[in-house]
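*Asks:* Before we start, here is the structure in question, set down as structure tokens.
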Amino acid sequence: MLSDMPSTRRDARDNRPVGFFDSGLGGLCILEAFKRECPAESTVYIADSRHCPYGNRPAEEIVRISRANVEFLLGRNCKMIVVACNTATAAAIDVLRKEFPSIPFIGLEPAVKPAALKSKSGVVGVLATAGTFSGRLYRETSARFAKDVTVIAAVADEFVTLVERGETSGRRAERIVRSRLEPLFAAGADNIVLGCTHFPHLKPLIEKITAGRAEIEDPSEAVARQAGRVLRERGILGDNEEPTHEFIRTKEDDDGETRD
Ligand code: DGL
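Now the structure itself:
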């Protein structure tokens, strides 16, 4: 009798992996937060170095690239996909949701709302790529949640290059990061939104330069919690005793097969 009881619960578990993709290493901060939040989930991560950076590419191209990443992850049997990239979310998430209606997607967008709510000075700085700023999501969110604050958008594409090179400290990195932050402080920003998943990798440097002048909004933990919530709500949580974590990096100069 007893042996029948747990089976229903066990059968409801779904041990397929959760897929992630980004233009490179940026989304690893989301992946790491997710592994802390949902330690029994297996994952597959695509670092799409071949197309890095996404930031300045036309939206249609990012849609095409994102679709290929999703198809690859579905080929790996993923049950949910985290678009661990603000730029790809801005350009492609609506299309992806339409084209793959049975797959839950989690996207990233700059955390303008919490920053606007917390700001005392009434000025919020957002660091992101050009692609993120030109997307519908950003325009709508800032129009909706930042009515009473001034939002300053600062394109910081060079931060992506720094992170991809592993240059997250040192004099040159400090000069580049400072050149983007100081104008925001000069304008009175007391909240800085990290609107690109590469930027949390520069957080120690950003905090050093900020020196208490502003709060830093890093969305990684909130996104990981949201991903866990969706798995629960859809009844597709995993309970892997030994979860696997596959890391796939697309090749930079490969014009044929895009994956290693
Ligand atoms: N990490 C990405 C983002 O969150 C994009 C960086 C890039 O490739 O330009 O926007």
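The numbering used here puts the first residue of the sequence shown at 130, with every later residue one more than the last.
No residue lacks a Cβ here, since even glycine has one placed at the ideal position from N, Cα and C.
1. Keeping to the same chain, check which residues put their C-beta closer than 7 Å to that of L76; ignore five residues upstream and five downstream.
2. If you count every other CB in all the chains shown that lies within 10 Å of the CB of P230, and 16 or more means buried, which is it?
3. Under a three-way DSSP split, which group does A213 fall into?
4. What are the boundary residues of the beta strand (DSSP E) that Y174 is part of?
5. With DSSP as the reference, identify every bridge partner of F376, one or two as the case may be.
6. The beta strand (DSSP E) with E344 in it runs from where to where?
7. Can you list, in chain order, the stretches of the beta strand (DSSP E) that have 3 or more residues and sit fully within the region 233-291?
8. Would S152 be called buried (16 or more neighbouring beta carbons within 10 Å of its own) or exposed?
9. Using alpha carbons as the reference points, say which of F149, T279, R265 and L323 lies closest to A197.
10. Measuring straight from C-alpha to C-alpha, what distance separates P187 and L256?
11. To which residues does DSSP link V192 through a beta bridge?
12. Is G204 helix, strand or coil by DSSP?
13. Using the Cα positions of V252 and S271, report the straight-line distance between them to the nearest angstrom.
14. Between the region 277-287 and the region 346-353, are three or more C-beta pairs nearer than 8 Å?
15. In terms of alpha-carbon separation, which member of K247, V241 and T279 lies closest to T261?
16. Along the chain, where does the alpha helix (DSSP H) containing G163 start, and where does it finish?
17. Once you ignore the five residues that flank N369 on each side, which residues in its own chain have a CB closer than 6 Å to its CB?
*Replies:* So, to answer that:
1. A question about residue 76 goes unanswered here, because the residues of the chain that appear run from 130 up to 389.
2. Burial call: exposed.
3. A213: coil per DSSP, three-state reduction.
4. Under the DSSP assignment, Y174 falls in the beta strand (DSSP E) whose first and last residues are T172 to A176.
5. According to DSSP, which records beta bridges pairwise, F376 is partnered with Y174.
6. In this chain, the beta strand (DSSP E) harbouring E344 covers E344 to E346.
7. Correct list: 252-257 and 279-284.
8. Per the 10 Å Cβ criterion, buried.
9. Ranking F149, T279, R265 and L323 by Cα distance to A197 puts F149 first.
10. Looking at the two C-alpha atoms, the distance is approximately 19 Å.
11. Residue pairing by DSSP leaves V192 without any beta bridge partner.
12. Assignment of G204 by DSSP, reduced to helix, strand and coil, places it in the helix class.
13. Their backbone Cα atoms lie some 12 Å apart in a straight line.
14. For the pair of segments examined, the region 277-287 was found not to touch the region 346-353: the number of CB pairs separated by less than 8 Å stays below three.
15. Nearest neighbour of T261 by Cα position, chosen from K247, V241 and T279, turns out to be V241.
16. The sequence given here has Phe at residue 163, not Gly. L157 to E166 is the extent of the alpha helix (DSSP H) around F163.
17. Here N369 has N144, A169 and S171 as same chain residues with Cβ atoms under 6 Å from its own Cβ, once five neighbours each way along the sequence are excluded.
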